[in-house]
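Below is one structure, written out as structure tokens; the observations come after it.
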Amino acid sequence: NLKLLPVSLSLAATTISGSTIVGQSIEVYAYGLHNWMLLATVLPWMLVIQYIFLPVFYDLQLMSSFTYFEMRFDRSVKHLASALYVITGMFLIPLTIYVPSLVFQEVTGINLYVITVIMGLLCIWYTALGGIKAVVWTDAFQCILIFVSGITIMIVGLRSVGGFENIWNALDRGQRLTFFKTEFDVEERGTMWSYLFSIFFVYVYQFGINQSCIQRYLSLSSFKKATTSVWIYGIFCAIVMFIEIVIGGIIFTTYEQCDPVSAGLVKKFDQIFPHFVQEKASLFPGFNGIFIAGIFAAGLSTTSTLLNTLSGTIYNDFLIKKLKRKENAFKIIMRGIVAVVGIIGICLVFVIEQMGTVFAITLQCLTLSTVGVFGLFVSGMIFPKINSKGAKCGVVLSMVAVGVLIIGGLNKTPDPPLQLRIDGCDFLNKYLFGGKNLKLLPVALSLAATAISGSTIVGQSTEVYAYGLHNWMVIPMELPKVLATMYIFLPVFYDLQLVSSFTYFELRFDRSVKHLASALYVITGMFLIPLTIYVPSLVFQEVTGINLYVITVIMGLLCIWYTALGGIKAVVWTDAFQCILIFASGITIMIVGLRSIGGFENIWNALDRGQRLTFFKTKFDIEERGNMWSYMFSTFFVYVYYFGVNQSSIQRYLSLPSLSKAKKSLWIFFIFTLLILVIELTIGGIIFTTYEECDPVSAGLVKKFDQIFPHFVQEKASLFPGFNGIFIAGIFAAGLSTTSTLLNTLSGTIYNDFLIKKLKRKENAFKIIMRGIVAVVGIIGIGLVFVIEQMGTIFSITTQCFTLSTVGVFGLFVSGMIFPKINSK
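Okay, so the sequence shown: first residue is 12 according to my numbering, each after it adds one.
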């Protein structure tokens with residue numbers, strides 16, 4: 012007395028497992044469109060089921076479809092058929108668990124075996140508790156999930172590749188428009204005859220005679236409803252098959268020039284579908300979740316159906332006459348059988364994963380079952396003179412024949428896929444730009460964190476303390492810097508979509524100019540890395556007393572480790588977190604400091620007394636520190652270069668999916684940087700007010716001006732619990748973010764501008780090379796710390812390094828864009 016629609020949807024969900032969703036799509040990707048023939052078999056098998064098999068089973072009203080063999084032959088034939096069904100069903104269960112688990116692992120990174128066990132136990136639990144009603148209703152809900160998931164992936168995929176025409180052209184170029192393979196060859200994959208004379212009968216058996224389907228047809232109240240359910244079920248299956256084939260075409264079009272397996276991005280063809288979803292996740296909110304829901308729904312529905320029907324078959328055909336017929340005992344026994352079958356299925360997953368593609372294994376299991384059992388049904392119904400001995404001999408011989416083919420196929424080299432390419436792979440693009448689909452806020456915060464190194468936090472504050480407020484002029488430079496970047500440089504780089512900003516010089520001049528600019532950037536970058544490591548290490552030494560060189564090495568190696576492993580994604584997300592730490596640290600130090608010296612008025616008065624209210628120095632003197640002209644004509648261009656043209660900044664802008672988002676990231680970055688600058692200058696004023704009458708350097712309390720900031724924090728530690736820790740966290744966050752950015756961009760520049768044409772284009776080789784470059788650059792940077800510490804104040808060294816890079820490289824960019832007649836010489 013179950014309802015028509017839930018039963019029809021349950022039939023469909025039972026048929027559409029995770030292995031068919033992934034398997035059909037990957038079959039198109041690797042071997043072409045031959046599996047469109049599945050659609051051609053749908054109407055014939057629906058008619059055969061409706062007019063030949065369904066009337067027989069509906070008239071007999073058998074609890075198990077295999078009871079027919081006992082009535083037609085004898086009990087031994089029933090037991091043989093039941094055993095065959097149970098054995099092949101046991102090999103289908105791990106397939107239906109394996110695919111969703113594989114997908115979940117690819118999308119989330121959680122261990123495959125952990126997911127396998129959790130999913131298997133979940134399915135065992137609700138199948139054991141609820142029987143066919145629980146299975147049918149959960150199947151119906153899961154069927155809707157499968158359909159929604161498939162439609163969503165297809166629509167998003169079609170938009171990403173530009174429609175059906177582009178798919179058709181890509182499949183044509185890839186020699187995958189294989190509609191009719193007419194060769195009479197049992198070793199040829201996907202011939203027309205294998206679909207007409209093999210897969211057609213597999214499907215008739217699977218959807219018309221199989222115990223799981225018969226169970227559902229007979230759960231309806233009338234024969235008319237059962238025939239209607241066949242039509243609903245068949246139409247739904249055809250739609251889902253069409254979606255699976257289209258998705259296969261979309262995936263091939265996406266990876267036409269860069270096969271993920273050949274490139275080493277994934278290990279098996281079955282991982283390409285979830286890999287595709289991962290890459291397209293940014294195109295649609297919740298895309299990953301919808302995909303996982305669809306695959307899990309398909310896997311759970313088929314697994315629960317198999318558990319339910321296998322347990323019913325085992326109980327009814329082997330145990331019923333040996334056990335008590337009490338309700339309580341029956342429930343316990345059935346739940347026990349479900350649990351045992353499910354646990355064996357979970358264990359067999361570890362065997363299945365070592366075999367070929369999911370689609371091929373599924374077909375082999377279904378064929379093995381079909382040959383024996385379907386042959387018995389047909390011969391029993393059509394040939395009245397066949398007896399039990401003949402039936403058993405026929406089953407054994409057919410099983411041996413098919414078994415020989417399957418076992419022989421295990422030793423055979425897997426069918427090679429059709430033409431696959433890797434000439435269009437852009438590994439560097441993914442490493443440096445994260446697939447160009449990073450989120451707006453993390454990128455904006457990463458830009459800010461990159462700009463705010465430990466050397467700027469300590470350097471700006473110390474500059475106010477030692478030389479006055481002249482560096483307030485940095486603040487008015489921020490808006491012009493952002494506007495120049497947004498409207499002059501960013502559109503150019505976004506249109507060109509270059510992996511390295513220095514490739515512009517090759518396009519505009521020649522390769523020698525690109526190499527010159529890249530070399531200049533790498534050299535100055537190498538001198539910035541020790542600065543970004545040195546300041547946090549110096550602070551940590553001042554606060555904790557641990558040796559400077561020990562801290563330097565530990566911090567440097569930590570930064571090398573996470574930059575080498577994760578590329579731009581790891582750098583951006585750690586930067587974003589570190590930016591929040593920097594801001595929280597700065598705000599805390601400023602508030603505690605203001606309370607300790609009595610507010611802004613006292614700062615102003617102290618700076619006035621100390622002759623540090625130096626807002627505008629108007630002398631045209633290149634030797635005078637911090638005059639107005641140096642900020643307007645030097646620092647401004649340094650900042651425009653660093654945030655508008657510099658590889659590290661361009662890398663972040665281009666990691667966003669659109670120019671409008673890149674511009675928004677600049678505004679967020681602008682606001683955040685302004686706030687940090689105000690905090691740094693205020694802290695500088697607080698420190699001067701605190702030590703107005705007792706300079707720690709002159710008093711011998713510290714050796715260098717750069718040690719005054721951590722010395723101040725040490726003295727004020729008692730005013731606020733965890734004050735030292737907050738300060739160290741902020742300085743370390745600033746140092747790590749800038750160091751990781753420099754390591755990432757320098758390694759990318761070295762690889763792209765000097766090595767790319769000399770090395771293999773394979774993902775594994777690329778990763779090893781990039782990690783090696785990061786390690787070498789990082790170790791050199793750690794070594795240079797011991798040179799930097801012998802030089803002047805941090806602020807002046809940082810500015811000198813920026814200026815050295817700006818003069819050459821920024822001049823090249825501006826002249827190349829503005830003066831068309833300038834040549835490479």
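All C-beta atoms in this analysis are idealised placements derived from N, C-alpha and C, irrespective of residue type, glycine included.
Can the beta-carbon of isoleucine 463 be found less than 9 Å from the beta-carbon of alanine 673? For the purposes of this step, residue 463 is taken as the residue at position 452 of the sequence shown. For the purposes of this step, residue 673 is taken as the residue at position 662 of the sequence shown. Cβ distance not < 9 Å, so isoleucine 463 and alanine 673 don't count as in contact.
Lysine 727 classed as buried or exposed, judged by whether at least 16 other C-beta atoms fall within 10 angstroms: For the purposes of this step, residue 727 is taken as the residue at position 716 of the sequence shown. Buried: at least 16 other Cβ atoms inside 10 Å.
CB-CB under 7 Å to glycine 696, same chain, minus the five flanking residues each way: which ones, in chain order? The residue given as residue 696 occupies position 685 in the sequence shown. Excluding residues up to 5 positions away in sequence, Val475, Ile614 and Leu618 lie with their Cβ nearer than 7 Å to the Cβ of glycine 696 in the same chain.
Just verifying my parser: in three-state terms, what is the DSSP assignment at arginine 432? If you number the sequence shown from 1, residue 432 lands on position 421. In the structure shown, arginine 432 sits in coil (DSSP, three-state: anything other than H, G, I, E or B).
Hey, leucine 507 and phenylalanine 218: beta-carbon distance below 9 Å or not? In the sequence shown, residue 507 corresponds to position 496, counting from 1. In the sequence shown, residue 218 corresponds to position 207, counting from 1. In this structure, phenylalanine 218 does not lie closer than 9 Å to leucine 507 by Cβ.
Between the stretch 546-554 and the stretch 780-787, are three or more C-beta pairs nearer than 8 Å? With the cut-off at 8 Å, the stretch 546-554 and the stretch 780-787 do not touch.
When the Cα of threonine 239 is compared with those of Tyr62, Ser666 and Val724, which residue comes out closest? Start at 1 with the first residue of the sequence shown, and residue 239 comes out as number 228. When each option's Cα is compared against that of threonine 239, the closest is Tyr62.
Could you say which of Pro502, Phe115 and Asp717 lies nearest to proline 547 if we only look at CA atoms? Locating residue 547 in the sequence shown gives position 536, counting from the first residue. That would be Asp717, whose Cα lies nearest to the Cα of proline 547.
Out of Gln658, Phe504, Ala41 and Ala710, which one is the CA nearest neighbour of cysteine 269? Sequence index remark: in the sequence shown, residue 269 carries index 258 (1-based). Here the closest residue by C-alpha is Ala41.
Aspartate 632 versus glycine 827 - alpha carbon distance: Here residue 632 corresponds to residue number 621 of the sequence shown, with the count starting at 1. Here residue 827 corresponds to residue number 816 of the sequence shown, with the count starting at 1. The alpha-carbon of aspartate 632 is positioned some 30 Å away from that of glycine 827.
Do three or more CB pairs link the stretch 100-111 to the stretch 343-359 at distances below 8 Å? Contact holds: three or more Cβ-Cβ distances are below 8 Å.
If we count the other Cβ atoms within 10 Å of its Cβ and call it buried at 16 or more, is phenylalanine 212 buried or exposed? Position 201 of the sequence shown, counted from the start, is the residue given in the question as residue 212. The residue is buried, with at least 16 neighbouring Cβ atoms inside 10 Å.
With a floor of 4 residues, list each alpha helix (DSSP H) that falls wholly inside the stretch 29-117, ordered by position along the chain. Runs found: 29-42, 48-59, 65-71 and 78-83.
Looking only at its own chain, which residues have a Cβ that is under 7 Å from the Cβ of leucine 73, when we skip the five neighbours before and after it? Residue numbering aside, residue 73 sits at position 62 when the sequence shown is read from its first letter. Contacts found: Tyr79.
Less than 9 Å separating the beta-carbons of leucine 501 and arginine 663? The residue given as residue 501 occupies position 490 in the sequence shown. The residue given as residue 663 occupies position 652 in the sequence shown. In this structure, arginine 663 does not lie closer than 9 Å to leucine 501 by Cβ.
Kindly indicate the opening and closing residues of the alpha helix (DSSP H) around isoleucine 833. Numbered from its first residue, the sequence shown carries residue 833 at position 822. Following the DSSP letters along the chain, one finds isoleucine 833 in no alpha helix (DSSP H), marked with neither H nor E.
Inside the stretch 731-806 only - alpha helix (DSSP H) runs reaching at least 4 residues: DSSP assignment within the stretch 731-806 yields the following whole alpha helix (DSSP H) runs of 4 residues or more, N-terminal first: 734-761 and 774-799.
List the endpoints of the continuous alpha helix (DSSP H) containing tryptophan 483. In the sequence shown, counting from the first residue as 1, residue 483 sits at position 472. Counting along the chain, tryptophan 483 falls outside any alpha helix (DSSP H), and DSSP gives it neither H nor E.
Taking only the alpha-carbon atoms, compute the straight-line gap between glycine 789 and isoleucine 540 and give it to the nearest angstrom. Position 778 of the sequence shown holds residue 789. Position 529 of the sequence shown holds residue 540. Cα to Cα, glycine 789 sits roughly 8 Å from isoleucine 540.
Ordered along the chain, which non-local residues of its own chain (more than five positions away) have a Cβ less than 6 Å from that of isoleucine 162? Locating residue 162 in the sequence shown gives position 151, where the first residue counts as 1. None.
Return the CA-CA distance between isoleucine 682 and leucine 747, expressed in angstroms with no decimal places. Residue numbering aside, residue 682 sits at position 671 when the sequence shown is read from its first letter. Residue numbering aside, residue 747 sits at position 736 when the sequence shown is read from its first letter. When rounded, the distance between both Cα atoms is 22 Å.
Inter-residue CB distance, valine 97 and alanine 402 (contact presumed, cutoff 8 Å): Taking the sequence shown and counting its residues from 1, the one referred to as residue 97 is at position 86. Taking the sequence shown and counting its residues from 1, the one referred to as residue 402 is at position 391. With a Cβ gap of about 18 Å, valine 97 and alanine 402 do not count as contacting.
Given this structure, state the Cα-to-Cα distance separating serine 511 from phenylalanine 647, to the nearest angstrom. Indexing the sequence shown from 1 puts residue 511 at position 500. Indexing the sequence shown from 1 puts residue 647 at position 636. Between serine 511 and phenylalanine 647, the alpha-carbon positions lie close to 23 Å from each other.
So for isoleucine 719, helix, strand or coil by DSSP? Taking the sequence shown and counting its residues from 1, the one referred to as residue 719 is at position 708. Isoleucine 719 falls in the helix class under three-state DSSP.
In whole angstroms, what is the alpha-carbon distance linking tryptophan 242 and alanine 412? As a position in the sequence shown, residue 242 is number 231, starting the count at 1. As a position in the sequence shown, residue 412 is number 401, starting the count at 1. A straight line joining the alpha-carbon of tryptophan 242 with that of alanine 412 spans about 34 Å.
Any beta-carbon of chain D closer than 9 Å to the one on glycine 637? Checking the listed chains, one finds no chain D in this structure; it contains a single protein chain.
Whole angstroms is fine: what's the gap from isoleucine 256's alpha carbon to glutamate 117's? Reading the sequence shown from its first residue, position 245 is the one you call residue 256. Reading the sequence shown from its first residue, position 106 is the one you call residue 117. Using only the alpha carbons, I get a separation of about 21 Å.
Taking the alpha helix (DSSP H) that cysteine 705 belongs to, which residues open and close that run? Mapped onto the sequence shown, residue 705 falls at position 694. Membership of cysteine 705 in any alpha helix (DSSP H) is not indicated, and neither H nor E is assigned to it by DSSP.
Can you tell me whether aspartate 270 is helix, strand or coil according to DSSP? Translated into positions along the sequence shown, residue 270 becomes position 259. Reduced to three states, the DSSP call for aspartate 270 is coil.
3-residue-minimum beta strand (DSSP E) runs that sit fully inside the stretch 526-588, ordered along the chain: Complete beta strand (DSSP E) runs here, min 3: none at all.
The alpha helix (DSSP H) with asparagine 448 in it runs from where to where? Indexing the sequence shown from 1 puts residue 448 at position 437. Where asparagine 448 is concerned, there is no enclosing alpha helix (DSSP H), given that its DSSP letter is neither H nor E.
Go ahead and label glutamine 430 buried or exposed: buried means 16 or more other beta carbons lie within 10 angstroms of its beta carbon, across all protein chains shown. As a first step, residue 430 must be located in the sequence shown, where it is residue number 419. Here glutamine 430 is exposed: its Cβ has fewer than 16 other Cβ atoms, across all protein chains shown, within 10 Å.
Enclosing alpha helix (DSSP H) for proline 285 [first to last residue]: As a working mapping, residue 285 is identified with position 274 in the sequence shown. Proline 285 -> alpha helix (DSSP H) spans 283-290.
Would you say isoleucine 829 and valine 564 are within 9 Å of each other, going by their C-beta atoms? As a first step, residue 829 must be located in the sequence shown, where it is residue number 818. As a first step, residue 564 must be located in the sequence shown, where it is residue number 553. No, the Cβ-Cβ distance between isoleucine 829 and valine 564 is not below 9 Å.
Residue environment, serine 529, which counts as buried when at least 16 other CB atoms sit within 10 Å: Position 518 of the sequence shown holds residue 529. Counting C-beta atoms within 10 angstroms of its own C-beta, serine 529 has 16 or more neighbours from the protein chains shown and is therefore classed as buried.
Taking the alpha-carbon positions, what's the aspartate 2 to isoleucine 833 distance? Nothing in the structure corresponds to residue 2, since the chain is present only between 12 and 836.
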